[in-house]
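Structure first, then comments.
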Amino acid sequence: MAHPKRRTSTTRRDKRRTHKVAIAANIATCPTTGQPHLFHHAHWHEGTLYYKGKVVAQKEQEVAE
284 MAHPKRRTST
294 TRRDKRRTHK
304 VAIAANIATC
314 PTTGQPHLFH
324 HAHWHEGTLY
334 YKGKVVAQKE
344 QEVAE
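Put into structure tokens, the structure is as follows:
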């Protein structure tokens, strides 16, 4: 494995790490259900898939015989 020839200074190390920042996710509230969800993502609520406040899909219920 390769090893550094010289020690990385704290200034150089910190300059490299300036872009590594944790960013909070943008969370929207559905106008239909009032549930929080990520922007530009569909979300399930009580067996129904919603996107932009509209029903996209229904979950099929299994029939027990």
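So the mapping is simple: our numbering equals the position in the sequence shown, first residue as 1, plus 283. Each residue gets a CB set at the ideal place from its N, CA and C atoms; glycine is no exception. None of these values were measured; they are calculated from a predicted model.
Which residue's Cα is closest to the Cα of residue i: the options?
i	options	result
residue 335	328, 322 and 341	322
residue 314	330, 305 and 326	326
residue 317	306, 308, 307 and 329	329
residue 337	307, 344 and 312	312
residue 308	299, 319, 298 and 300	319
With respect to the beta strand (DSSP E) encompassing residue i, which residues constitute its N-terminal and C-terminal limits?
i	result
residue 312	310-312
residue 337	337-341
residue 320	319-321
residue 315	It is not in any beta strand (DSSP E) - residue 315 carries neither H nor E in the DSSP assignment.
Assuming residue i is part of the alpha helix (DSSP H), what are its boundary residues?
i	result
residue 293	293-299
Give the secondary structure of residue i by DSSP, where H, G and I count as helix, E and B as strand, and everything else as coil.
i	result
residue 286	coil
residue 326	strand
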